[in-house]
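One structure is given here, and the rest of the page talks about it.
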Amino acid sequence: MLLGLFLWLCEVALTLTKAKEFVPQPMDSNQESFDRSLTHNVFSGKRKDEMPDFKINKTVFWKGSQLHSWDSELTHFQNSQTILLLRRGKVHISFDNGDKWSIVDEIQEHIDSIVIDKFHEERAIAYGQPRSYKHNNDGFNMYLTENRGQTWRKILLNLPDDVWWCSFSTHPFEKNYLLLNCGMRNSRNFREAAYISRDGGRNFSTILPPKEILSSLESSVYCDFAASSKDSNFAKESAYCIYSIAEDMTEENSIEIGLTNMTEGNASTDQRILFYTADMGRTTHAVEKLKDYSVLEMYILPACILITTEDTERSNNEVWISNDGGDFQKAMLPEEFDNFQFIGVTDAKVLGRTLLELQTSLHRDTQSALLTLDALGANLTSYNPFPDDALARAFIQNSKSHNGTLWGDFFFRLDSDNLQISKSKVSFDQGTTWSNLRVVDRLNNYSHLFGCDVRNTDDCSLQIDSDYEIPIYESSIGLVVTGFVGSNKTSGCFWERRRSQTFMSKDGGVTWEVLFDFPIKSLCSSSEDVLVALPSKELENEEESYSVCSHMTISSSEIYISRDRGQTWGNYTLGKSGISSPWTTTFQSSNSRVFFGVSEIDGFHAHDVLYTIDF
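Note that the sequence shown covers residues -19 to -1, 1 to 596 in mature numbering (1 follows the signal peptide of the UniProt record, and there is no 0).
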């Protein structure tokens, strides 16, 4: 007991007396940490003076007696040497690309996340909830910088006491416009309210529904800016909102989850009414054409606003489209989808047009369809690239580095029990045709890992693992994904977890080869030729690691380095042991520098460490 008390006092003393500045300490990159047994190891057999010329620095941010996973965020401002690191609720900042770090003194409360404004690159917002010793949440805090972290100011929200969390939106054109959607909780109910600022967060006002629909019952308001991107066609001053009314608005039927029902002339459980403001919340108006309908979903896209509704009898669902933000027109759906129960919308310009997914039911005998909305936001057209299969769902995204290339994960129904399989596919003509991902194993080195013959691409192809980012890495050097080779992926109660490998394509996705016979968590490049990979710890050899708790594993902290665009690799161990977690930080910055964060163990103590690797 005395030893435990002593360690706790030491930890407190370190916290109270620690320096505000954190300076990296150099390490010897030529030390015997390279794994020389690795197959095709570019470092094998080399003398120390022939080792790759890279330098490693180590910065310790925290020391203590308790083990913690490295739950952190590391992000940077574009075209800048400034980097932000969020660790244990504290915001650290470096103005010299990680050479020196300091704590942001202006931020006094606990911070949960930092977001760089996607529309205004010099601005960042830090937000979170205070933490007490009992881990109770109390209020919501926001801090803002408009000069890449040089100075920060607290946003004085003056919100009700029961606000426990807020999401926020910034405006693509007007820097001073901020929109908050806040959740409020008391002993019985959950509800939302929307707040808008026209002066950069110095003052906020509540967005209220128009008087003609205002109810004395428990209610919520959720809003979005009409201008959702730099490509938006809508007025800068406009926002659209859903007013949700319920007699007993519990968390289960809150605005984001519940279905709707409206009785004419009476507000009943889960009535949701669409309204808008054309002057940033000063005045609000109901959408007259939709006042007799209850809103299911609202999608604000760059070229149109799409609303789904149901009628008073809950018997007929509709899709409404507005191209100017004012007049909503009913979309003509295929006859078999007059009463759909589910809709998903993807507007990433993946097909040169908006993609809609409809289902008639979430149970057996589900009918599904993909529809596309043209660029003018007026006409819906059926989209089925696989007419011989029962297509259920689709996830499609653009390639960032190859124009016209799309990645797709398509789900197909097998029988009336709603068992589904999915297949990974690629399109090189903007979705007109799709093909399987072809794996090449010229020397037959990896056939023992495959569940089929890769020479028959129709029945044996690469299936991308949806547990990982798709793709993990994408540039002119090549494409990298994590997945496995098989005929398809099964879903539902028959799901079988398969061991994944890492694959690379150097021809834009036409063919793929095994890069590693294990999955990697992420990959980045520090120059045109140098690649750095971080292995996933999920499938580590159980003999080399042991469980600390359900989400942390103690294992060696290693990285893989290639100096020839992925042809040959060597690995390097950073520290004796570390705690891996889903939030391990790896990051590629400017000036040929890679960052890697981990919690390390040294005897009975844990250190929060950030490594920088310079090539």
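Glycine residues also receive a C-beta, built at the ideal position from the N, C-alpha and C atoms.
Checklist entry - How many angstroms separate the CA atom of N297 from the CA atom of W82? => result So the two alpha carbons sit approximately 59 Å from each other.
Checklist entry - Which residues in the same chain have their Cβ closer than 6 Å to the Cβ of T289, if we skip the five residues on either side of it in sequence? => result Only L277, E278, V300 and I324 meet the Cβ criterion.
Item to check | Burial state of D500 (16 or more Cβ within 10 Å) | outcome: Per the sequence shown, residue 500 should be read as Pro rather than Asp. Buried, by the Cβ-count rule.
Item to check | DSSP bridge partner residues for M123 (one or two, in chain order) | outcome: Note: M123 is bridge-paired with Y108 in the DSSP secondary-structure output.
Checklist entry - Should Q401 go down as buried or exposed, given a rule of 16 or more other Cβ atoms within 10 Å for buried? => result Buried, by the Cβ-count rule.
Next on the checklist: One question on the structure: do I188 and I177 come within less than 8 Å of each other, judged by their Cβ atoms?
Outcome noted: Yes, the pair counts as a contact, with Cβ atoms nearer than the cut-off.
Next on the checklist: From the DSSP secondary-structure annotation, give me the bridge partner or partners of N379.
Outcome noted: For N379, which the question treats as bridged, DSSP gives the partners L387.
Checklist entry - Looking only at C-alpha atoms, which of T492, L496 and L515 sits nearest to S503? => result That would be L515, whose Cα lies nearest to the Cα of S503.
Checklist entry - Nearest-angstrom Cα distance between R546 and V462? => result Distance between the alpha carbons of R546 and V462: 15 Å.
Next on the checklist: Using only the alpha-carbon positions, how far apart do S150 and Q548 sit?
Outcome noted: Approximately 43 Å, taken between the alpha carbons.
Checklist entry - Whose C-beta lies closer than 7 Å to the C-beta of R334 among residues of the same chain, with five residues either side of it excluded? => result Cβ neighbours of R334 beyond the five flanking positions: T353, L354, D355 and A356.
Next on the checklist: On the CB-based measure, 16 or more other CB atoms within 10 Å of its CB, does K99 come out buried or exposed?
Outcome noted: So K99 counts as exposed.
Next on the checklist: With H, G and I counted as helix, E and B as strand and the rest as coil, what does DSSP make of I194?
Outcome noted: If DSSP states are grouped into helix, strand and coil, I194 belongs with the helices.
Item to check | Three-state secondary structure (DSSP) of K502 | outcome: K502: strand per DSSP, three-state reduction.
Next on the checklist: Using a 10 Å radius around the Cβ and a threshold of 16 neighbouring Cβ atoms, would you call P141 buried or exposed?
Outcome noted: When all chains shown are included, P141 counts as exposed.
Next on the checklist: Considering only the alpha carbon of each residue, which of N417, M123 and M313 lies closest to N437?
Outcome noted: That would be N417, whose Cα lies nearest to the Cα of N437.
Checklist entry - Quick one: what's got a C-beta closer than 6 Å to I236's C-beta in the same chain, skipping five residues either side? => result For I236, the predicted model reports a pLDDT of 38, less than 50, meaning its position is unreliable; a value from the coordinates is still stated below. The residues are E173, S201, Y203 and S225.
Checklist entry - Using the beta-carbon count (16 or more within 10 Å), is N365 buried or exposed? => result Exposed: under 16 other Cβ atoms inside 10 Å.
Checklist entry - Hey, quick one: how far does the beta strand (DSSP E) through L161 stretch, first residue to last? => result Taken as a continuous stretch (DSSP letters only), the beta strand (DSSP E) holding L161 covers L159 to R166.
Checklist entry - Along the chain, where does the beta strand (DSSP E) that runs through N552 open and close? => result Per DSSP, N552 belongs to the beta strand (DSSP E) from G551 to T554.
Checklist entry - Based on the DSSP secondary-structure assignment, which residues constitute the bridge partners of P516? => result BP columns for P516 point to I501.
Next on the checklist: Assuming L255 and Y280 are in contact, meaning their beta carbons sit under 8 Å apart, how far apart are those beta carbons, in whole angstroms?
Outcome noted: At roughly 12 Å, the Cβ-Cβ gap does not stay under 8 Å, so L255 and Y280 are not in contact.
Checklist entry - What is the DSSP secondary structure of H588, counted as helix, strand or coil? => result Here H588 sits in strand by DSSP.
Checklist entry - Helix, strand or coil for G246 per DSSP? => result Low confidence applies here, because G246 scores a pLDDT of 35, under 50, leaving its location unreliable; read the following figure in that light. G246 falls in the coil class under three-state DSSP.
Checklist entry - With a CB to CB cut of under 6 Å and the five nearest residues on each side skipped, what residues in its chain are close to S405? => result By the criterion of a C-beta distance shorter than 6 Å, S405 is surrounded in its chain by D390, L418, Q444 and I445, once the five residues flanking it on both sides are discounted.
Checklist entry - Of all the options R574, V590 and H429, which has the alpha carbon lying nearest to the alpha carbon of H57? => result Ranked by Cα distance from H57, the first of R574, V590 and H429 is R574.
Checklist entry - Looking at C-alpha atoms only, which residue of N425, L282, D34 and F42 is the closest neighbour of V579? => result Looking at the Cα atoms, F42 is the closest of the given residues.
Checklist entry - Taking the alpha-carbon positions, what's the G79 to I64 distance? => result Looking at the two C-alpha atoms, the distance is approximately 7 Å.
Checklist entry - Quick one: Cα of F15 to Cα of D422, how far? => result Caution applies to F15, whose pLDDT of 33 falls short of 50 and renders its modelled position unreliable; the model cannot decide the point.
Next on the checklist: Going by C-alpha to C-alpha distance, which of A312, A375 and S380 sits closest to residue 599?
Outcome noted: There is simply no residue 599 to check, as the chain begins at -19 and stops at 596 in what is shown.
Item to check | Closest residue to L67 among D77, V85 and I223 (Cα-Cα distance) | outcome: Per the Cα distances, V85.
Checklist entry - For D440, which residues of its own chain have a beta-carbon under 7 Å away from its beta-carbon, when the five flanking residues on both sides are left out? => result Spatial neighbours of D440 in its own chain (CB-CB distance under 7 Å, excluding positions within 5 residues in sequence) are listed in chain order as C433 and S468.
Item to check | Assumed close pair T386, N38 - CB separation to whole angstroms, cut-off 8 Å | outcome: Not really, about 38 Å apart at Cβ, beyond 8 Å.
Next on the checklist: Based on DSSP bridge pairs, tell me the residues matched to Q252.
Outcome noted: Paired residues: I226.
Checklist entry - Alpha carbon to alpha carbon, how far is R17 from E494? => result For R17, the predicted model reports a pLDDT of 27, less than 50, meaning its position is unreliable; a value from the coordinates is still stated below. Near 23 Å, if we compare the C-alpha coordinates of E494 and R17.
Checklist entry - Among residues of its own chain, excluding the 5 on either side of A259, which ones have a beta-carbon nearer than 8 Å to its beta-carbon? => result These residues qualify, in order along the chain: A216, E218, S219 and H266.
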